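Note that UniProt numbering numbers the sequence shown so that position 53 is 53, with each residue one more than the last. Here a beta-carbon is modelled for each residue, glycine too, at the ideal position from N, C-alpha and C. The model shown is predicted, which means the values in this text are computed figures rather than measured ones. Below: the structure, in C-alpha cells.
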Amino acid sequence: MGPAPYYEYSGITGVTGPGGAKEGDVYFYTKTYPDRNPGDVAVMFTDIDFQKVERCLSFWYHMRSYYAAHMGTLEISMTDGSGSETILFSRTGNQGIEWLQEKLEIPAVDDLKIIIKGTSGTGWMSDMAVDGISLVPGTCASPLAASSPTTTATLTTKTTLTTTTTPTTTTTPTTTTTPTTTTTPTTTTTSTTTTTPTTTTTPTTTTTPTTNLVIECGFEQGQTCAFENINNPDIDDFDWTLDQSGSTSTKKNWSFGCTQW
Numbered sequence: 001m002g003p004a005p006y007y008e009y010s011g012i013t014g015v016t017g018p019g020g021a022k023e024g025d026v027y028f029y030t031k032t033y034p035d036r037n038p039g040d041v042a043v044m045f046t047d048i049d050f051q052k053v054e055r056c057l058s059f060w061y062h063m064r065s066y067y068a069a070h071m072g073t074l075e076i077s078m079t080d081g082s083g084s085e086t087i088l089f090s091r092t093g094n095q096g097i098e099w100l101q102e103k104l105e106i107p108a109v110d111d112l113k114i115i116i117k118g119t120s121g122t123g124w125m126s127d128m129a130v131d132g133i134s135l136v137p138g139t140c141a142s143p144l145a146a147s148s149p150t151t152t153a154t155l156t157t158k159t160t161l162t163t164t165t166t167p168t169t170t171t172t173p174t175t176t177t178t179p180t181t182t183t184t185p186t187t188t189t190t191s192t193t194t195t196t197p198t199t200t201t202t203p204t205t206t207t208t209p210t211t212n213l214v215i216e217c218g219f220e221q222g223q224t225c226a227f228e229n230i231n232n233p234d235i236d237d238f239d240w241t242l243d244q245s246g247s248t249s250t251k252k253n254w255s256f257g258c259t260q261w
C-alpha cells in the first residue's frame, strides 16, 4: 500500500504510518501522537495454550518515518516454560514506505508465548504497524496443514454374575399303620440356585488434541486472533491500536519545522 495522501510534512506525503492494511481493511499500529513520549512501549502477546511443536511465525510490518530517528523499534520475542525471553526479530528506524514480510522459525518449547513490542522513537513520526500475522506448525519451508482434534471411540465390556434362588417344594405322603391307618403328607422344600452372567458394554471416547493449531490474525471484523494487549502498567505504557480506514490517524499537515517531544 502507498502512503496516506493527507500525511504531508514540508510538502512530502506519507511521512509515517501505512496508507492502508496489507491484507483486508484492518491492521494494528502504535499511535504515537499526541500522547506518547520517547521510549513508551506497547506490548501484545499470545494468550493461548500451544502444543509442543516447532512453528513458523509469519507477519507483515510497516515502519515508515520521514526522519529515521523518529521511528522507534519493533521487536518480536518468545518465552517458554522457564520464563526466559528470546528476541527473534528487531528493527529500528525508517524501513521505507512499503509493507515488508518476515518469517521466523519457532522451536518446540513448553508454554510458548509470542510477544510483539513497539517502542516509540524520538518524534511523532513513529507509527509502526503489523498485519497478516500467522503462526503455523512445522517449519517455514515445510508448514503442516491444519487439522481438527482426533476423537477415538472404544468399547469397554464388563461381565457380572447374577444369582437367582428359586424354592422348589416336594410333597411326599407318609403312611402309618396301626389299628388305624393315617396318611400324613410330608413337605420338603429345596432351593434351586441359577447363576446367569450379565454383560454390559460401555463406549469410551478419548479425544486427542491436535498439534496442528494454526493462528491467523488479519484483525478483520469477526476474525478471532490469539494476540491481545497486555494491559500491565509495569510492562507497557500504551496499547496497540486497531485501524479500520486507510492510513493511521496521526494527521499532521504542518509545513514548518518538526516538533520534538
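Supposed close pair residue i, residue j - CB separation, criterion 8 Å
i           : j           : result
residue 26  : residue 117 : Wrong, their Cβ atoms sit about 20 Å apart, outside the cutoff.
residue 106 : residue 45  : That belief does not hold up - the Cβ atoms of residue 106 and residue 45 are roughly 14 Å apart, past 8 Å.
residue 49  : residue 81  : That belief does not hold up - the Cβ atoms of residue 49 and residue 81 are roughly 12 Å apart, past 8 Å.
residue 94  : residue 68  : 4 Å
residue 41  : residue 236 : 5 Å
residue 131 : residue 31  : 15 Å between Cβ atoms; not a contact.
residue 139 : residue 56  : 6 Å
6 Å Cβ shell around residue i - same chain, five flanking residues per side excluded
i           : result
residue 58  : 103 and 134
residue 148 : In this prediction, residue 148 scores a pLDDT of 45, lower than 50, which makes its location untrustworthy; no coordinate-derived value is stated.
residue 262 : Since the first residue of the chain shown is 1 and the last is 261, residue 262 is not available in this structure.
residue 142 : none
residue 24  : 218 and 220
beta-carbon residue i near the ligand NAP non-hydrogen atom, thresh 8 Å
i          : result
residue 27 : You won't find the ligand NAP in this model; it holds no ligand whatsoever.
Residue nearest to residue i in terms of C-alpha spacing, selected from the options
i           : options              : result
residue 91  : 85, 77, 83 and 84    : 77
residue 98  : 233, 18, 238 and 232 : 18
residue 100 : 60, 84 and 137       : 60
residue 54  : 241, 84, 75 and 136  : 136
Local conformation of residue i per DSSP, three classes
i           : result
residue 69  : helix
residue 88  : strand
residue 227 : strand
residue 272 : Coverage of the chain is limited to positions 1 through 261, which leaves residue 272 absent and any answer about it impossible.
residue 119 : strand
Close beta carbons around residue i, own chain, < 8 Å, minus the five adjacent residues each side
i          : result
residue 34 : 124
Segment contact, 8 Å Cβ cut-off, at least three pairs: the segment 121–134 with the segment 63–82: yes
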